[in-house]
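Peer 1:
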Ligand code: DX5
Ligand code: ZN
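Numbering (the working numbering), first residue to last: 2 to 227.
1. Below 8 Å, can you find three or more Cβ-Cβ pairs linking the region 150-165 to the region 175-189?
2. Which residues mark the beginning and the end of the beta strand (DSSP E) in which residue 94 is found?
3. Flag residue 12 as yes when its Cβ comes closer than 7 Å to any non-hydrogen atom of the ligand ZN, and as no otherwise.
4. Any contact of the region 15-25 with the region 202-222, i.e. 3+ C-beta pairs under 8 Å?
5. For the beta strand (DSSP E) holding residue 8, just list the boundary residues, first then last.
6. Please state whether DSSP places residue 150 in a helix, a strand or coil.
7. Rounded to a whole number of angstroms, what is the C-alpha to C-alpha distance between residue 195 and residue 221?
8. Is it buried or exposed, residue 145, if we count other Cβ atoms within 10 angstroms and call 16 or more buried?
9. Measuring alpha carbon to alpha carbon, tell me which of 108, 202 and 212 ends up nearest residue 79.
10. With C-beta atoms as the reference, is residue 33 less than 8 Å away from residue 9?
11. CB residue 170 to CB residue 198, shorter than 8 Å?
12. Quick one: is residue 228 buried, meaning 16 or more other Cβ sit within 10 Å of its Cβ, or exposed?
13. Taking 6 Å as the limit between beta carbons, can you name the residues of its chain near residue 66, skipping five residues before and five after?
14. What are the boundary residues of the alpha helix (DSSP H) that includes residue 163?
15. Quick one, are the C-beta atoms of residue 28 and residue 11 less than 8 Å apart?
16. Is residue 1 near the ligand ZN, in the sense that its beta carbon is under 7 Å from a heavy atom of that ligand?
17. Would you check whether the ligand DX5 has a heavy atom nearer than 7 Å to the C-beta of residue 88?
18. Taking the CB atoms as reference points, tell me whether residue 116 and residue 139 lie closer together than 8 Å.
19. Between the Cα of residue 219 and those of 202, 110 and 188, spot the shortest distance and give me the residue it belongs to.
20. I want to see whether chain E comes within less than 8 Å of residue 160, judged by CB atoms only; does it?
21. Taking the alpha helix (DSSP H) that residue 104 belongs to, which residues open and close that run?
22. State the DSSP-derived secondary structure class of residue 22, mapped to helix, strand or coil.
23. Report the partner residues of residue 1 according to the DSSP bridge assignment.
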C-alpha cells in the first residue's frame with residue numbers, strides 16, 4: 002500500500018469539548034483526513050457520548066469528511082437525523098442488527114457513504130455477503146464503548162483476512178481500524194492491510210499537542226508501509 006493512501010481519522014471522543022472547533026482545526030491543518038464521531042446510547046455500549054448537534058456544529062468548522070460511528074441499539078431510527086446534520090459516512094454495527102442489509106440500503110438512499118463495523122469477537126466471515134454493498138469496513142481493535150483502551154493484538158489476523166476479502170470481493174472498499182491506535186500500533190495495522198486509522202487519545206490527549214501528535218502518528222503510519 003502506498004503511503005499517501007493511508008488515511009487518519011481523529012476521534013473527537015477524546016477531545017476537549019470546550020475547545021472542539023480549535024482542536025479539530027489543528028488536526029486538519031496537521032494532516033488529518035477525516036473526523037470520526039462516536040455516538041453511544043448507554044445501551045448498545047455501556048457509555049453515553051454525543052448526538053447529531055455535534056455533527057451540525059462540526060460541519061460549520063471543518064471541510065473534512067465527517068464519519069459517524071453509531072454504537073446505538075436502533076440505528077435505523079436515527080439515520081436520517083445524522084445524515085441531515087451533515088455526516089458524510091454512517092458506520093453501523095453488524096452486531097444486534099437483524100436487518101443489516103436494509104439498514105445499509107437506507108443509508109445509501111440518504112445519499113451517504115456506508116460502512117459496516119465488527120467487534121473484536123465477531124469473525125470476518127460475517128462480512129462476506131454484505132461487502133459488495135458497502136464502501137467501508139471498520140474492524141474494532143478494542144471493545145467499543147470507551148476511548149483510551151489497549152489495542153487487542155488478536156485482531157491483527159482478522160484485519161489481514163478482511164483485507165483479502167476486500168481484494169477479492171470489493172477492491173477499493175476502505176478498511177478502517179478503531180481503538181488503541183498510536184505510534185506503536187499504527188505500523189502493525191497498516192502492515193496487516195488497514196488503510197484508514199481512527200485515533201482518539203493518541204491525538205487529543207498527547208502532551209505535545211494535537212498538531213504534533215497528528216504528525217507523529219502520520220510518520221508512524223509511514224513506517225508500516227512497504
Ligand atoms: C471506542 C470508539 C473509538 C475510540 C477510540 O468505542 O469507537 O473511536 O474513541 O479511542 P482511542 O484511540 O483512544 O482508543
Ligand atoms: Zn469509533
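Note that the Cβ used here is the ideal one computed from N, Cα and C, for glycine as well.
Peer 2: Based on what the coordinates show:
1. The region 150-165 vs the region 175-189: in contact.
2. 90-94
3. Yes, the Cβ of residue 12 comes within 7 Å of a heavy atom of the ligand ZN.
4. yes
5. 8-11
6. coil
7. 14 Å
8. buried
9. Looking at the Cα atoms, 108 is the closest of the given residues.
10. yes
11. no
12. Any property of residue 228 remains undetermined from this structure, which presents the chain solely from 2 to 227.
13. 35 and 89
14. 157-170
15. yes
16. Residue 1 is absent from the model: the chain starts at 2 and stops at 227.
17. no
18. yes
19. Of 202, 110 and 188, the residue nearest in Cα terms is 188.
20. Absent from the structure is chain E; it holds one protein chain and no more.
21. Run containing residue 104: 101-110, per the alpha helix (DSSP H) assignment.
22. Correct three-state label for residue 22: helix.
23. A query on residue 1 cannot be resolved here, the shown segment of the chain reaching from 2 to 227 and no further.
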